[in-house]
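2 protein chains.
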Amino acid sequence: MSTQGTTSRLHSGPGLPADVLAELRGFVGDQHVLVHDGDVEPFSRDATPLFRARPDAVVLPATTAEVSAILALATRRGIPVTPRGAGSNLAAATIPEHGGIVLVLTRMNRVLEVSQGELLAVVQAGTTTATLADAAAAKGLLYAPDPGSRTVSTVAGNVAMCAGGLRGLKYGVTRNYVLGLEVVLPTGEVMRTGGRLWKDVAGYDLTRLLTGSEGTLAVITEITVGLLPMPATSSTGVAYFDNLSDAGRAVAQIIAQGTLPATLEFLDNRCVNAVEDYAQLGLDRQAGALLLFGDDGGPDVVAASLQRMADVCTDIGARGVTLAQDIAGSEALLYARRCSLPALARLAPITMLEDVTVPRPKLAEMVDTIDAITAKHDVTCATFGHAGDGNLHPTVVFDPGDGDARHRAEAAFDEIFHAAMALGGTITGEHGVGAAKRPWLAARLGPDQLALLKRIKTAFDPAGILNPGKLGS
Amino acid sequence: MSTQGTTSRLHSGPGLPADVLAELRGFVGDQHVLVHDGDVEPFSRDATPLFRARPDAVVLPATTAEVSAILALATRRGIPVTPRGAGSNLAAATIPEHGGIVLVLTRMNRVLEVSQGELLAVVQAGTTTATLADAAAAKGLLYAPDPGSRTVSTVAGNVAMCAGGLRGLKYGVTRNYVLGLEVVLPTGEVMRTGGRLWKDVAGYDLTRLLTGSEGTLAVITEITVGLLPMPATSSTGVAYFDNLSDAGRAVAQIIAQGTLPATLEFLDNRCVNAVEDYAQLGLDRQAGALLLFGDDGGPDVVAASLQRMADVCTDIGARGVTLAQDIAGSEALLYARRCSLPALARLAPITMLEDVTVPRPKLAEMVDTIDAITAKHDVTCATFGHAGDGNLHPTVVFDPGDGDARHRAEAAFDEIFHAAMALGGTITGEHGVGAAKRPWLAARLGPDQLALLKRIKTAFDPAGILNPGKLGS
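These protein sequence lines map, in sequence, to chains A and B.
This note's numbering numbers the first residue of the first sequence as -1 and each following residue consecutively.
This note's numbering numbers the first residue of the second sequence as -1 and each following residue consecutively.
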């Protein structure tokens, strides 16, 4: 069934019927159903530039039972529902393109449990990633996934998008830490998948299927995540190279030596200069590439690991290598990476942050390709990202008032996505597909897999109400 | 739709129609289609005792295209197909209960690639786990999952069952290492899911959904797995405790100290004695529990980790603690765990190896419960397993000629499964559901989730030909 077929049965038109609004207000209370322009406007967009659509209503439930009642009603009446946490996603995954209800889970924000004995935490959907990480840290435990948006993003949002982050190489991504979920099907059934165990093979792995399903299969209301013992310490170093190719060789050599370090991040020359303009950190503006490397664990292990990585960088011919002397020094170095996006964002009104991923050995080749493509299209682009897992964030900035700038940026990204796929890579490593990457999903998956996605979608959501138009719709 | 409803449309009766056999022979060659009693008998059973069903034919394809042709034909004609690797699974997951074709993938057994740069390997479905591990080790890389059946089990079988193993606590299970799959849908479409990347969120996570789907959704023909740098060294120690409760406290304390070691395995007193009878290793026959602990990594880290764990065991009041002096000593200690199953198996003709998993702090309570239940039913049971992840293997032995021994064993297991679920555990941690655990799946998942599994099954397998009667059928 086509997107057309699914979504054409949905309610559309200005506003929701009065009786539906009355029911919604009955479920969650008048003050938690927003319909006025000023109230719903913040929920017509997320962190993705250029995408916007007004919902008919924004509904903020406080309990799983309320979520269930809302979804059952929506299925009964064919009303689109777009679940949303903080709206910090970068793929336009929470844009309510078909109107209807934006279902905001941020009132369900309690940390229900942190268990040292079981190395797990149980949180409600709207808990922020940082709140979860802090609650774990207070008991000496690490919640490993650390997406850039962690201070505002919600755990359910992280799960829905399978968020990544800076620790991916050593620790994996959100998927690797989701043990169990409480979800509500679009038809209203409340269901628990997985549980409190790292090992549990009873039934299809719905927990992992729901992770990364971008709010199209079910609404996540509660999450059980695995935690790790907190590493005793961590440290960071920085190396400058003449070009990305050398930085790539250093990364390969570090890993060939038997280390999967916690941090291997890179900035290209344009990004280094944008960060230096923004934050005056004393970075080497002439360097073709900056490589941040870091590790965590016991103090001796970390010291040895850092020295080994520094030695590799020196051997490869780095222009300069510096190891942080203490935690503050480490944080200062990491700041160069963390402020890349804000540094680039102030160059022009619109910042398009992309997320292609290629096999690790293709990293330098891909960055060269990005440079060639963006030059051809006369587009301003800088690239930073996760060198350890081949995850690049080419970032294009432009002024929408500048003629066909947007069109040129889009043309460049189209070529970049196809180039990444040609290198055995993917159109999105950690940001998701949403509405933003939808035009390239068929090229990535092929028609048979796209058809299978639609059949799976229907198995969960027969009326097609949940985040219509996105993955599997 | 019920199992009845799905399977009643399938072909049944003695043998396959002559034209179907002719087509199958045309696809794979006469010698790769087996139909005679003696030839198909080995494929009427797997490593699970008491389950047996004769297939109409055994077909051994050599290529993905052949798999596709066979499946398309089977869907067209409504013929059940049960995919199978080595048949080493312990859940009766490859028993062809509805006859039809057993599709054996063991001819497709090539290691296609081991990449040091990308830390991955690509293998055909029928490659054994040990062959993959050896090919990786030859390039200094570790394939982390290590199911007990690794010398015979196939990688596709491991993926289909989401096999676990002894390294689960530190390294996770098969699911954590599957990067990409080539699969054939029951309707014949060949499809690639995932790829060569650790980070890739384009589309639903079919790779993980297929992992653990027990051959009910698609036939896996090729697997891309992630590898790790090979740890420089590893070592093992053993501690004896008066009772399992003390061993459980040691495990909790070890983890509370911030270590997730590579090995934390236990044997109860009965298992210690069975192993000692079998192998004369000089184990402490009076001990209530034997705890094996081990770790891997750099030599200094491993030595410190082992000493720390030994100290914890001593502090808890272990009757004795020994650290292996070298690799040979380590292997000797691990042998006690590895020979538990053969040691127990020779006690009686039938060995029922179970696989309940409970939250780690409930381990000792669960073992006590198992002892009480098996005593009540007059059943001989010993328990060993993975203390680090709460995965227990209570093993019941009996003589089928001994009156109602089988009935008593089944009654005991029924109580054991319900007890595990009552403690927040599951009916299977790593062996799978298959036909063996099917009676308890509804209790574990509930009716809504079972119905969802069936809808997902139909999305992949509209004719219901693939491993009918198992998960989702």
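Ideal Cβ placement from N, Cα and C applies to all residues, glycine included.
Rounded separation between residue i and residue j - CA only
i       : j      : result
T1/A    : V270/A : Residue placement at T1/A is flagged as unreliable, the pLDDT there being 37, under the threshold of 50; a coordinate-derived value is accordingly withheld.
P340/B  : R108/B : 30 Å
V356/B  : L225/B : 28 Å
A272/B  : A308/A : 52 Å
G315/B  : G162/A : 43 Å
G474/B  : V223/A : This structure gives no information on residue 474/B, because the portion of chain B shown stretches from -1 to 471.
T126/B  : G286/A : 45 Å
A322/A  : G235/A : 6 Å
K435/B  : L443/B : 12 Å
V218/B  : V199/B : A small correction: the amino acid at residue 218/B is Ile; Val does not occupy that position in the sequence shown. Spanning the two alpha carbons is a distance of roughly 21 Å.
M(-1)/B : K452/B : Because M(-1)/B carries a pLDDT of 31, less than 50, the predicted location of this residue cannot be relied on, and the following value inherits that uncertainty. For M(-1)/B and K452/B, the distance between alpha carbons rounds to 7 Å.
W438/B  : H34/A  : 51 Å
E428/B  : R190/A : 19 Å
H391/A  : R268/A : 13 Å
S147/A  : S86/A  : 7 Å
L48/A   : L8/A   : 25 Å
K150/B  : A417/A : First, the residue type needs correcting, since residue 150/B is Val and not Lys in the sequence shown. Their Cα atoms are separated by approximately 41 Å.
G296/A  : G256/B : 10 Å
S42/B   : R82/B  : 11 Å
G138/A  : V102/B : 49 Å
G76/A   : A461/A : 7 Å
G3/B    : I454/B : A caution first: G3/B carries a pLDDT of 39, below 50, which makes its placement in the model unreliable, though a value can still be read off. For G3/B and I454/B, the distance between alpha carbons rounds to 16 Å.
T367/B  : I425/B : 15 Å
V56/B   : A343/B : 29 Å
A440/A  : L279/A : 43 Å
K29/A   : I221/B : Checking the sequence shown, residue 29/A turns out to be Gln, not Lys. Computed Cα separation, rounded: 52 Å.
G193/B  : G399/A : 40 Å
A84/A   : D144/A : 15 Å
D203/A  : E212/B : 11 Å
G292/B  : S233/B : 5 Å
Q251/A  : V310/A : 7 Å
G327/B  : A403/B : 39 Å
R335/B  : D369/A : 56 Å
For residue i, the residue or residues it bridges with in DSSP
i      : result
I218/A : V181/A
F239/A : A287/A
E39/B  : E39/B is not bridged to any residue.
F458/B : DSSP lists no partner for F458/B.
R190/A : E180/A
L321/A : G235/A
F264/B : L289/B, G383/B
G295/B : T231/B
V431/A : Paired residues: none, contrary to the question.
M350/A : V394/A
Heavy atom of the ligand ATP within 7 Å of residue i beta-carbon
i      : result
A316/B : Among the ligands in the structure shown, none appear at all, so the ligand ATP cannot be discussed.
So does the region 147 to 158 of chain B actually touch the region 237 to 249 of chain B, counting three or more Cβ pairs closer than 8 Å?
-> Taking 8 Å as the limit for Cβ pairs, the verdict is that the region 237 to 249 of chain B does not touch the region 147 to 158 of chain B.
Which residues, taken in chain order from the region 298 to 311 of chain A, show a beta carbon closer than 8 Å to some beta carbon of chain B?
-> The residues in question are D298, V299, A302.
Using a Cβ-Cβ cut-off of less than 9 Å, give me the residues of the region 251 to 262 of chain A that come near chain B, in sequence order.
-> Against chain B - using a Cβ distance shorter than 9 Å - the residues of the region 251 to 262 of chain A are I253, A254, Q255, G256, T257, L258.
Three-pair Cβ contact test at 8 Å for the region 120 to 136 of chain B versus the region 461 to 471 of chain B = Pairwise C-beta distances place the region 120 to 136 of chain B out of contact with the region 461 to 471 of chain B, as fewer than three of them are shorter than 8 Å.
So, do the region 177 to 196 of chain B and the region 61 to 79 of chain B have three or more beta carbon pairs nearer to each other than 8 Å?
-> With the cut-off at 8 Å, the region 177 to 196 of chain B and the region 61 to 79 of chain B touch.
Return the residues of the region 410 to 432 of chain B that lie within a Cβ-Cβ distance of less than 8 Å from chain A, sorted by chain order.
-> Answer set for the region 410 to 432 of chain B: G422, G423, T424, I425, T426, G427, E428, H429, G430, V431.
Write down every uninterrupted run of the beta strand (DSSP E) in the region 354 to 420 of chain A whose length is 3 residues or greater and which is fully enclosed by it, in chain order.
-> Runs found: 378 to 384, 389 to 396.
Whole runs of the alpha helix (DSSP H) within the region 105 to 173 of chain B, excluding any shorter than 4 residues | With a minimum length of 4 residues, the continuous alpha helix (DSSP H) runs that stay inside the region 105 to 173 of chain B are 127 to 135, 153 to 159, 166 to 169.
Could you please tell me which residues of the region 103 to 131 of chain A, in chain order, have their CB closer than 9 Å to any CB of chain B?
-> Residues of the region 103 to 131 of chain A that bring their beta carbon within less than 9 Å of a beta carbon in chain B comprise S113, Q114, G115, E116, L117, L118, in sequence order.
Can you give me, in chain order, the residues of the region 136 to 160 of chain B that have a beta carbon less than 8 Å from any beta carbon in chain A?
-> Along the region 136 to 160 of chain B, the positions whose C-beta sits under 8 Å from a C-beta of chain A are G138, M159, C160, read in chain order.
Could you name the residues of the region 199 to 210 of chain A whose beta carbon sits closer than 8 Å to any beta carbon of chain B, in the order they occur along the chain?
-> Flagged, chain order: V199, A200, G201, Y202, D203, L204, R206, L207, T209, G210.
For the 8 Å Cβ check, are there 3 or more pairs between the region 385 to 399 of chain A and the region 341 to 361 of chain A?
-> Pairwise C-beta distances place the region 385 to 399 of chain A in contact with the region 341 to 361 of chain A, as three or more of them are shorter than 8 Å.
Cβ-based contacts, 7 Å cut-off: residues of the region 355 to 366 of chain A near chain B | Of all residues in the region 355 to 366 of chain A, T355, P357, R358, P359 have a Cβ within less than 7 Å of some Cβ in chain B.
Could you please tell me which residues of the region 451 to 471 of chain B, in chain order, have their CB closer than 8 Å to any CB of chain A?
-> Residues are counted here when their Cβ sits less than 8 Å from a Cβ of chain A; for the region 451 to 471 of chain B these are L451, R453, I454, T456, A457, F458, L469, G470, given in chain order.
Touch check for the region 258 to 268 of chain A and the region 368 to 382 of chain A: three-plus C-beta pairs under 8 Å?
-> Yes, they touch.
Compile a chain-ordered list of the residues in the region 370 to 391 of chain B whose CB is closer than 8 Å to at least one CB of chain A.
-> Taking 8 Å as the cut-off between beta carbons, the residues of the region 370 to 391 of chain B near chain A are H384, D387, G388, N389, in sequence order.
Using a Cβ cut-off of 9 Å, which residues of the region 219 to 244 of chain A contact any Cβ in chain B, in chain order?
-> Among the residues of the region 219 to 244 of chain A, those with a Cβ less than 9 Å away from any Cβ of chain B are L226, P227, M228, P229, A230, in the order of the chain.
Enumerated in chain order, which unbroken segments of the beta strand (DSSP E) with a length of 3 residues or greater are wholly contained in the region 49 to 75 of chain B?
-> Taking only runs of at least 3 residues, the beta strand (DSSP E) segments lying wholly in the region 49 to 75 of chain B are 55 to 57.
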